[in-house]
Amino acid sequence: MNWDLILMGVMYSFAGTIHFIKPKAYLKVMPRFFKARKFLVYLSGAIEIVLGIGLFFQKTRSLAATAIILILIAFLSVHFNMLRGEKYAMGIPKWILLLRIPLQFVLIWWAYLYI
């Protein structure tokens, strides 16, 4: 198993865990048009944990990588929502918020390598 695959699995599992530790932070950035936002924060966290773990197993790796790509595409709405203004940006400078959008595409490419 490559070091970058291990890193990716740990990264998504850790990110998913943070949804349960700091759910309010995720609620602040989630677009209001989503219903049941708190449930979605916990659900997306659980999904990230499961997908991160799924990357460690040959039998589930391709499915996990494909699902990661899909959630990264879905999370683009959150990144664009954070650009709407200070209220949504959580104090993160605009230049960092702008860099996060192309970073999503790098993460998509990285997951694509394991399909």
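Position one of the sequence shown corresponds to residue 9 (this note's numbering), numbered consecutively onward.
Yeah, the Cβ is synthetic: ideal placement off N, Cα and C, and Gly gets one too.
Keep in mind it's a predicted model, so treat the numbers as computed, not measured.
When only Cα atoms are considered, L106 and F83 end up about 14 Å apart. DSSP, read as helix, strand or coil, puts A44 in coil.
Proximity to T68 across I123, M38, D12 peaks at I123, based on C-alpha coordinates.
If you look at N10, you'll find it isn't in any alpha helix (DSSP H); DSSP assigns it neither H nor E.
Cβ atoms of A119 and I77 come within 8 Å of each other, at about 5 Å. Distance from the CA atom of Y20 to the CA atom of G99, rounded to whole angstroms, is 23 Å.
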